[in-house]
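As structure tokens, the structure follows; a few thoughts come after it.
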Amino acid sequence: MSDLLAARSQMGVSLAFHIIFAVAGIAMPVMMVVAEHRWQVTGHAIYLDLAKRWSKGTAILFAVGAVSGTVLSFELGLLWPEFMRFAGPIIGMPFSLEGFAFFTEAIFLGIYLYGWDRIPPRAHLAAGGIVALSGAASGVFVVIANAWMNAPTGFELVQGQAVNVDPLAAMANPAALPQALHMTLAAYAATGFAVAGIHALLLLKDPANAFHRRALAVALIVGAPAAVLQPISGDLSARHLARHQPVKLAAAEALFQTQAGAPLTLGGWPDVDRRETRFAIDIPAGLSLLAFHDPGAVVKGLDAAPRDEWPNVPAVHLAFQLMVALGSYLALIALWAGWRAWRGADLAHDRWLLRAIVLAAPMGFIAVEAGWMVTELGRQPWVIYGVLKTADSVTPMPGLIVPFLTFTLLYCFLGAIVVWLLYRQILRSPEIPEWRGFYMPGGGSRERGDAA
Amino acid sequence: MSLADLLAVVIFATLNAYAVLAGADFGGGVWALLAGGPRKQRQGELIAHAIGPVWEANHVWLILAIVLLFTGFPAAFARLGIVLHIPLSLVLIGIVLRGSAFTFWRYGGDTDAEQRHWGVTFAVASLITPVLLGVTVGAIASGAVSGPRAPGPAFFTGYVAPWLTPFALSVGVFALVAFAFLAAVYLTLQEDFRRRALGAGVALFGAALLVLALSGVGAGAPRVRAGLIFAPWAAPLHLLAGVAAVVALAALWRRRYGAARIAAACQVSLILWGWGLSQYPYILPPDLTVAGAAAPAVTLRLVLGALALGAVVLLPSLYYLFRVFKSRTPVAPPTMPPARPR
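The listed protein sequences correspond, in order, to chains A and B.
Under the working numbering, the first sequence has 169 at position 182, and the numbering climbs by one with no breaks.
Under the working numbering, the second sequence has 319 at position 282, and the numbering climbs by one with no breaks.
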């Protein structure tokens, strides 16, 4: 394994690991705040229990997200010093803002987790709201920095040096809005459906369980609207790619030749040597229609770039297909659940819907990973699209396979522990049938008067 | 003072906050490892209780310092990443293990054996991380983080020798003792920690002498040594740090814990600023200056503006955090009946 490949692998593993916790850290606080708000409005203690259990999960996920995010901020310099030397002054701004957003998130999460009996209820709810807001903000800032790598603006390149640097123009790069929107919606959809899927599974066994019924409802309130909006945001992203990152779109769609009325290629295996995609279904003019909203539009193919500037086409194509397929499934399930709820159905007794939601549980997170592979692998061989090659920004330090393997082992170990802890916490969900009425946190059943 | 100097001061202040706040969280882990005697259980609980609500916020000071460094001084950040790749990677592993083990300890511990396992992981990571942080500081201060490196220098001379020196290791020990001292002083809610604080305070003198002695041995840290001894500001600084140290120990002795905490934090801060002043105008001695590593002025202006805006949000939030958790009485009546034991 070459040092470059080891560095890319370490960065990839670090991002793939961190993104799960980052995404959960954005959406879990929303769910716990919704549950706490329901508790304050209804006085129904089951919501308080829900908020406390979700905040416990959030504490674990946030802590691992915070430390793995620290690793990434250092790895920018440990693995890609030349990239940071070039990009730091241009794109450090959103990272600095992210620092503040993250700071706010950490402060108020501490207040939320440990302040249940130390501050007034409204202040506590507000602290949770600040956690949710600042979590989303820090995600947006980081994605803006990544978007700049895809669509670099805010500087001029003179003999390999950046001059006339304008950090604000760099933040306002054309990829920023589509990427930030797509990522934020993905966080809510993936986390919402993962949580909904867990409670749907438990409802299949025990449909009368009051705890899981409410958990399912809150999780769907957070996840379903995002899943429905996601295809619209995806369309925005695709149109952005067609204009600003044509090679990435061509790789994602396995479009080898530039052409008018380009077809949409579903599935298939891109054969890079023969420049054709085998076993695929082509929808005539589909890609032109999606990318430019015009069936006759010319879409640039991979042939628009020299061969040595192509990304790994099969990987990008497959990841893209996977992301779109999973995202579409989530959107359909969200519409189905929304329609059933609107017709007044009891979702907890709709066994087919519950099964579909169980199936959706891992899909959002897999789609998030696949989407990141599209955007990161699709930009290769560039680290800053069209400006700096990944190979030119790697550290001269030899033996990079050692830190790669070390961090991979560390993350496998941590991931297994987190899964085990969350699994055990879920196993201990309260078993409270709806007909026993209101109950106290901890599993006892009481009259309403005690719960207030 | 130039914009670059101003940003360097801010970054240094951020590191200072990290040292006196997060440093104490690491120190708490050290005391958890050394917990013993009849009140061992109670000591562990006090440490966990003190760290729990604040460690994540305290940790962010380091992230803030890093992002400000790579925004404002990208050349310094790039060079640090190359030359100190190994100790910084080890610091990261320590940070990851410390943070996650603490959380698993507090939230996941089910059986006693499991609790102990995470408690020990947390404590050992708390012990090793400060040493490695100190080693990186020592390597910087000694002027070994020099560049540029020709591609493919011998592995040992290029990537190990700069930080594996007696001086850098002594700074690592100093950092560990300083963090343990701070933690013990903050934890003096319990008599056990008063004695530990007094012991650590004395040990800190010893560690400081060791650092000073080794700064003259071999390559040492000539610049820092010269600054700390001969610069015009050296004598007053040493005097102030010495006064703070004596006040801290005397206050501990007299059980004036409020004064002891302030004096101990001042003492560690003054030592840090002594390091910073002694190597100015170099950000990475012997050749990279603050001005030479700085980003374009437009970036510096924007970042300083963002810092001013961010401080408006941050400082009241931090004040609220510490007021809620570090005051002896709850600031508001409890909102709900205490959770029943599960």
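C-beta: ideal position from N, C-alpha, C; glycine also.
According to DSSP, residues forming a beta bridge with residue i
| i | result |
| --- | --- |
| A/Ala247 | A/Val285 |
| B/Leu325 | B/Leu321 |
| A/Leu164 | Bridge partners of A/Leu164: none, in fact. |
| B/Lys77 | Note: B/Lys77 sits in no beta bridge, so no partner. |
| B/Thr166 | Partner(s): none; B/Thr166 has no beta bridge. |
| A/Thr252 | A/Asp269 |
| B/Leu101 | For B/Leu101, which the question treats as bridged, DSSP gives no partner whatsoever. |
| A/Lys376 | A/Trp369 |
Span of the alpha helix (DSSP H) around residue i
| i | result |
| --- | --- |
| A/Val10 | Asp(-10) to Thr29 |
| A/Asp269 | Not the alpha helix (DSSP H): A/Asp269 falls in the beta strand (DSSP E), residues Ile268 to Ile270. |
| A/Val257 | Note on residue identity: the sequence assigns Pro, not Val, to residue 257 of chain A. First-last for A/Pro257: Trp256 to Asp258, but that is the beta strand (DSSP E), not the alpha helix (DSSP H). |
| A/Gln308 | Val300 to Trp329 |
| B/Phe359 | Ala334 to Lys363 |
| B/Arg260 | Pro259 to Phe267 |
| B/Val280 | Ala271 to Trp290 |
| A/Trp407 | Ile388 to Leu414 |
| A/Leu440 | Residue 440 of chain A is absent from the model: chain A starts at -12 and stops at 439. |
| B/Ala205 | Pro203 to Tyr223 |
| B/Arg143 | Here B/Arg143 belongs to no alpha helix (DSSP H), and DSSP marks it neither H nor E. |
| B/Asp229 | Glu228 to Leu251 |
| B/Gln316 | Tyr294 to Gln316 |
| B/Pro111 | Pro111 to Val120 |
| A/Val127 | Pro108 to Asn137 |
| A/Glu296 | Careful: A/Glu296 lies outside any alpha helix (DSSP H) and carries neither H nor E. |
| A/Phe352 | Met350 to Leu364 |
| A/Ala343 | Arg338 to Ala347 |
Cβ-based neighbour list, residue i, same chain, cut-off 7 Å, excluding 5 preceding and 5 following
| i | result |
| --- | --- |
| A/Leu100 | Ser42 and Ala46 |
| B/Ala376 | Caution is warranted here: a pLDDT of 43 is assigned to B/Ala376, below 50, making its placement in the model unreliable, and the coordinate value is therefore given only provisionally. Once the five neighbours on either side are set aside, B/Ala376 has no close Cβ partner at all. |
| A/Leu408 | Ile47 |
| B/Gln304 | Ala278, Ala281, Ala282 and Ala285 |
| A/Leu207 | Gly179, Ala183 and Ala324 |
Where the beta strand (DSSP E) through residue i begins and ends
| i | result |
| --- | --- |
| A/Leu144 | Glu143 to Val145 |
| A/Trp369 | Trp369 to Ile371 |
| B/Val57 | It is not in any beta strand (DSSP E) - B/Val57 carries neither H nor E in the DSSP assignment. |
| A/Thr264 | Glu263 to Arg265 |
| A/Gln148 | Gln148 to Val150 |
Presumed contact (8 Å Cβ cut-off) between residue i and residue j, rounded CB distance
| i | j | result |
| --- | --- | --- |
| A/Ile131 | A/Ala167 | 6 Å |
| A/Ala228 | A/Leu236 | One detail in the question is off: residue 228 of chain A reads as Leu in this sequence, not Ala. Confirmed, about 4 Å. |
| A/Val300 | A/Pro257 | 5 Å |
| A/Ala195 | A/Ala324 | So it is not a contact: roughly 19 Å between Cβ atoms. |
| B/Leu286 | B/Gly342 | So it is not a contact: roughly 42 Å between Cβ atoms. |
| B/Gly255 | B/Arg262 | Not a contact, Cβ separation roughly 12 Å. |
| A/Met15 | A/Leu59 | That belief does not hold up - the Cβ atoms of A/Met15 and A/Leu59 are roughly 20 Å apart, past 8 Å. |
| B/Gly64 | B/Phe216 | 4 Å |
| B/Val67 | B/Ser163 | 6 Å |
| A/Trp359 | A/Leu35 | Going by Cβ atoms, the distance from A/Trp359 to A/Leu35 rounds to 36 Å, so no, they are not a contact pair. |
| B/Val208 | B/Gly264 | At roughly 15 Å, the Cβ-Cβ gap does not stay under 8 Å, so B/Val208 and B/Gly264 are not in contact. |
| A/Gly255 | A/Ala239 | No, A/Gly255 and A/Ala239 are not in contact; Cβ-Cβ is about 12 Å, not under 8 Å. |
| B/Ile88 | B/Phe49 | With a Cβ gap of about 25 Å, B/Ile88 and B/Phe49 do not count as contacting. |
| B/Pro111 | A/Met136 | In fact, because the Cβ distance is near 15 Å, the residues do not count as touching under 8 Å. |
Sequence-distant residues of the same chain with beta carbon closer than 6 Å to residue i, five excluded per side
| i | result |
| --- | --- |
| A/Leu(-9) | Ala378 and Val381 |
| B/Tyr294 | Thr225 |
| A/Thr91 | Ser121 |
| A/Asn133 | none |
| B/Ala221 | Phe230, Arg233, Ala234 and Ala237 |
Amino acids of chain D, ordered along the chain, whose beta-carbon sits closer than 7 Å to that of residue i
| i | result |
| --- | --- |
| A/Leu397 | No chain D appears in the structure shown, which is made up of the protein chains A and B. |
Neighbourhood of residue i by C-beta, 8 Å cutoff - its chain only, sequence neighbours within 5 removed
| i | result |
| --- | --- |
| B/Phe242 | Ala282 |
- Interface residues of the stretch 342 to 358 of chain B facing chain A [CB-CB below 9 Å]: Ala343, Leu344, Leu346, Gly347, Ala348, Val350, Leu351, Ser354, Leu355, Tyr357 and Leu358
- Item | Members of the stretch 113 to 143 of chain A near chain B, C-beta cut-off 7 Å | none
- Positions along the stretch 313 to 337 of chain B whose CB lies within less than 7 Å of some CB in chain A: Ala332, Pro333, Val335 and Thr336
- Between the stretch 85 to 107 of chain A and chain B, which residues of the former have a C-beta closer than 8 Å to a C-beta of the latter? Glu85, Gly86, Phe87, Phe89, Phe90, Thr91, Ala93, Ile94, Phe95, Leu96, Gly97, Ile98, Leu100, Tyr101, Gly102, Trp103, Asp104, Arg105, Ile106 and Pro107
- Item | chain B contacts from the stretch 51 to 64 of chain A (Cβ-Cβ distance under 9 Å) | Val51, Ala53, Val54, Ser55, Gly56, Thr57, Val58, Ser60, Phe61, Glu62, Leu63 and Gly64
- Taking only beta carbons into account, state which residues of the stretch 54 to 67 of chain B come closer than 7 Å to chain A, listed in chain order. none
- Message: Counting only Cβ-Cβ distances shorter than 8 Å, please list the residues of the stretch 364 to 388 of chain A near chain B, keeping chain order.
- Response: Thr382, Pro383, Met384, Pro385 and Gly386
- Contact set between the stretch 103 to 117 of chain B and chain A, restricted to residues whose Cβ is under 9 Å from the partner: Ile103, Val104, Leu105, Leu106, Phe107, Thr108, Gly109, Phe110, Pro111, Ala112, Phe114, Ala115, Arg116 and Leu117
- Interfacial residues, the stretch 205 to 231 of chain B to chain A, with Cβ spacing under 9 Å: none
- What residues in the stretch 202 to 228 of chain A have a beta carbon less than 9 Å from any beta carbon of chain B? none
- Message: By the 9 Å beta-carbon criterion, what residues does the stretch 72 to 85 of chain A contribute toward chain B?
- Response: Arg72, Phe73, Ala74, Gly75, Pro76, Ile77, Ile78, Gly79, Met80, Phe82, Ser83, Leu84 and Glu85
- Of all the residues that make up the stretch 147 to 177 of chain A, which are near chain B by a beta-carbon distance shorter than 8 Å? Val152, Asp153, Pro154 and Leu155
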